[in-house]
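Protein chains in written order, with our numbering: chain A, 65 to 455; chain B, 1116 to 1510.
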């Protein structure tokens, strides 16, 4: 299954672009699933219809879903919820607390990300779709989403097994003093394990450059371009390749004069800036005379944006993180365009390489071939971070 | 102290509108502070000044700040956060990851409102303008008290599990850091201070929300949902700002004919949806509105004869009425449809679910004891009737 992630700053037209890509891909014969993971959904608005939280077919070969975290939670983690409630019940006699409601579970950091990842997994395992178009939340949230599998993986590999074993050791003792109801049951551990497997599977999908790519949606406006430049590097750091930049709402020539002359001039500068900033193909879509709402308008938009091309194609191929042999040395390369060397920090930590870029951080598991090798040299050259390991 | 929160879909111009409001009010002699709670921080760009997490003076009567949620949480709730970081780190999670996990959802909004509390206590301002993160997060803001209660119930429960159960029995096996009583005291303080105080601040008559919209279908759809949710949580909305309206000279250009026509329709639609809340027009300028001078001019155009800090109109609020044979609760839910709604009474609360949001509304005891008779939607208001129980016979 091909996965197309659409992200960008708020209000640039992510949803419209995601849907246009979906209708366009369907015209090329793909069976497409569009998944919105942004809590402030707007797929229904762009289609001019109101959707529930269940998947719904909205055109030939196009199914859409606005993911409801609350509904998914009820569906997926009854076991976890039960366990937490059992624990709270122990307290309830004292302070009269009621059951934990799903809304309160949302307070768990990472839960929303988890649910979004699980939804992608569900589309894949359903086997009924060739293309999954994801309408992501604005960039910050999308990066949290991509980073989440790292955190889970780390937790499961370093803590989980050990904890499960110790729980088995404690349980008989706890039972004797009547405290075993406070301990998570085996089912809870099983639920965690299934969850982990789901997340690990999605991680595989998202990091597979033959299946997944990101599309950054931008407008030719300074604040938008500034923010998106950083996003490009962050996506790359998480191992996701951006295969195209979709430039939305470009003032067409016949609108670029009169009242809009000054705006058009600013746009020209920003279009140049976009060209310099993103080393991938750019597809431009002019501002429309009327808002493109509904399947017909969105299909027309796809033709205007992609022409004869299939939106599900890869518009460029790259592996943002790769290994290279240089004489007897091994060099790990990461594409980090538009980032200044002062903002990058690299250290090794056990089996992992920790790369920090401004506020984003990634743990990259090192291949066996470089394990234990000394980190010889780190430099940022021509938008590529090169980490050299001693022979 | 007057407090206005600006919200709206991403990219509609919240920051520019908030900044123009503040600059305009300051110019008219109102002591004003403008605060950004958006991590993406574009307030500094719009004002064309370097801002920090302390108020910086920009001119007579005008201060501005950009909040750093991480630093603010450390300042207010250091003990809890340190404990969480310690706990995660002990579990093998790297410090920076732990740091992020300990930054709970909604943290941006909590810290913004705490900064507002501080500004209120300082007595230095008559008017505070908050530039909120886009709608998705603003929805979090209005459900913050519930959210915080959730965090607080889960965290101490998990911590207690480790300390009261695991550690005495098997301290040798599981050596998790034991939370000190200070953590629980601070958790209690967090509940008291944040949830209660913030709820109070949001329900003060001097507090209101303004929604920023543009004359576009998708933006208006989202504004409508936002308004319904604000009503569900009983927050005042005193104005909706219709931003980027094409001026007539722009609307006469050929390319913009269609947009010029639909703009008029959209504006009327917005007025109907939001009535009696007023719609304030903000024009699309010939160029980017950046810097104090342009913001002041933009602000004068938006507010004209109005006072930027005034409560520009009253939105309908929840009411309790008596009727023959019972009581009614009137909850305005503009734009809601009957299929969006679920109503139930649980103990002393009226539970209303509208779309993806659920709220528990505490009922006055005399009403809560009565049987629920009916719930219907009348012209955008949910009317829930309770029958007065027969005086005799009942238990």
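By construction, the Cβ of each residue, glycine as well, lies at the ideal position given by its N, Cα and C atoms.
Contact check, residue i vs residue j, beta carbons under 7 angstroms
| i | j | result |
| --- | --- | --- |
| residue 448 of chain A | residue 409 of chain A | no |
| residue 1248 of chain B | residue 1240 of chain B | no |
| residue 424 of chain A | residue 298 of chain A | yes |
| residue 1168 of chain B | residue 1227 of chain B | no |
| residue 195 of chain A | residue 381 of chain A | no |
| residue 1336 of chain B | residue 109 of chain A | yes |
| residue 137 of chain A | residue 180 of chain A | no |
| residue 70 of chain A | residue 81 of chain A | yes |
| residue 96 of chain A | residue 86 of chain A | yes |
Rounded separation between residue i and residue j - CA only
| i | j | result |
| --- | --- | --- |
| residue 1170 of chain B | residue 192 of chain A | 55 angstroms |
| residue 1348 of chain B | residue 388 of chain A | 57 angstroms |
| residue 357 of chain A | residue 1166 of chain B | 39 angstroms |
| residue 1339 of chain B | residue 1449 of chain B | 8 angstroms |
| residue 1376 of chain B | residue 376 of chain A | 36 angstroms |
| residue 294 of chain A | residue 445 of chain A | 17 angstroms |
| residue 120 of chain A | residue 114 of chain A | 11 angstroms |
| residue 1138 of chain B | residue 1178 of chain B | 9 angstroms |
| residue 435 of chain A | residue 415 of chain A | 7 angstroms |
| residue 1330 of chain B | residue 100 of chain A | 24 angstroms |
| residue 1515 of chain B | residue 1466 of chain B | Coverage of chain B is limited to positions 1116 through 1510, which leaves residue 1515 of chain B absent and any answer about it impossible. |
| residue 370 of chain A | residue 178 of chain A | 32 angstroms |
| residue 439 of chain A | residue 406 of chain A | 18 angstroms |
| residue 124 of chain A | residue 301 of chain A | 37 angstroms |
| residue 336 of chain A | residue 283 of chain A | 12 angstroms |
| residue 431 of chain A | residue 1359 of chain B | 53 angstroms |
| residue 1446 of chain B | residue 269 of chain A | 46 angstroms |
| residue 198 of chain A | residue 355 of chain A | 22 angstroms |
| residue 1427 of chain B | residue 1393 of chain B | 7 angstroms |
| residue 1380 of chain B | residue 127 of chain A | 31 angstroms |
| residue 350 of chain A | residue 340 of chain A | 20 angstroms |
| residue 420 of chain A | residue 426 of chain A | 6 angstroms |
| residue 441 of chain A | residue 1163 of chain B | 39 angstroms |
| residue 296 of chain A | residue 396 of chain A | 19 angstroms |
| residue 1116 of chain B | residue 1401 of chain B | 35 angstroms |
Top-ranked residue by Cα proximity to residue i, from the options
| i | options | result |
| --- | --- | --- |
| residue 1455 of chain B | A/105, A/91 and A/116 | A/116 |
| residue 1438 of chain B | B/1422, B/1476 and B/1482 | B/1482 |
| residue 1119 of chain B | B/1335, B/1391 and B/1350 | B/1350 |
| residue 207 of chain A | A/176, A/361 and A/196 | A/176 |
| residue 1322 of chain B | B/1330, B/1464, B/1313 and B/1385 | B/1313 |
| residue 200 of chain A | A/83, A/355, A/348 and A/397 | A/83 |
| residue 1130 of chain B | B/1384, B/1404 and B/1360 | B/1404 |
| residue 305 of chain A | A/386, A/364, A/367 and A/81 | A/386 |
| residue 1316 of chain B | B/1231, B/1371 and B/1361 | B/1231 |
| residue 1491 of chain B | B/1423, B/1462 and B/1458 | B/1458 |
| residue 1414 of chain B | B/1128, B/1441, B/1344 and B/1132 | B/1132 |
| residue 1363 of chain B | B/1372, B/1435, B/1410 and B/1355 | B/1372 |
| residue 1487 of chain B | B/1149, B/1442 and B/1342 | B/1442 |
| residue 394 of chain A | A/346, A/451 and A/403 | A/451 |
| residue 1479 of chain B | B/1463, B/1398, B/1421 and B/1311 | B/1463 |
| residue 266 of chain A | A/428, A/363, A/214 and A/332 | A/214 |
| residue 73 of chain A | A/188, A/88, A/309 and A/85 | A/309 |
Limits of the alpha helix (DSSP H) - the one that residue i falls within
| i | result |
| --- | --- |
| residue 1424 of chain B | Premise fails: residue 1424 of chain B is in no alpha helix (DSSP H) and is neither H nor E. |
| residue 1417 of chain B | 1407–1418 |
| residue 1121 of chain B | First-last for residue 1121 of chain B: 1117–1122, but that is the beta strand (DSSP E), not the alpha helix (DSSP H). |
| residue 1348 of chain B | Here residue 1348 of chain B belongs to no alpha helix (DSSP H), and DSSP marks it neither H nor E. |
| residue 85 of chain A | 78–91 |
| residue 1160 of chain B | 1158–1162 |
| residue 1493 of chain B | Careful: residue 1493 of chain B lies outside any alpha helix (DSSP H), inside the beta strand (DSSP E) at 1487–1493. |
| residue 1481 of chain B | 1480–1483 |
| residue 1364 of chain B | 1363–1366 |
Residue i: first and last residue of the uninterrupted beta strand (DSSP E) it sits in
| i | result |
| --- | --- |
| residue 386 of chain A | 385–390 |
| residue 1443 of chain B | 1441–1447 |
| residue 453 of chain A | 448–453 |
| residue 1438 of chain B | 1434–1438 |
| residue 297 of chain A | Per DSSP, residue 297 of chain A belongs to no beta strand (DSSP E); it is in the alpha helix (DSSP H), 286–301. |
(message) Counting only Cβ-Cβ distances shorter than 7 angstroms, please list the residues of the stretch 69–86 of chain A near chain B, keeping chain order.
(response) 73, 74, 75 and 76
(request) Anything in the stretch 99–124 of chain A with a Cβ closer than 7 angstroms to a Cβ of chain B? List those residues in chain order, please. (result) 102, 103, 104, 106, 109 and 110
(message) Please identify, using Cβ separations under 7 angstroms, the residues of the stretch 348–359 of chain A that lie next to chain B, in order along the chain.
(response) 353, 354, 355 and 357
(request) Could you run through the stretch 1362–1376 of chain B and flag, in chain order, every residue whose CB is less than 8 angstroms away from some CB of chain A? (result) 1362, 1364, 1365, 1368, 1369, 1370, 1371, 1372, 1373 and 1374
(message) What are the residues in the stretch 1116–1134 of chain B lying within 7 angstroms of chain A by C-beta distance?
(response) 1124, 1125, 1126 and 1127
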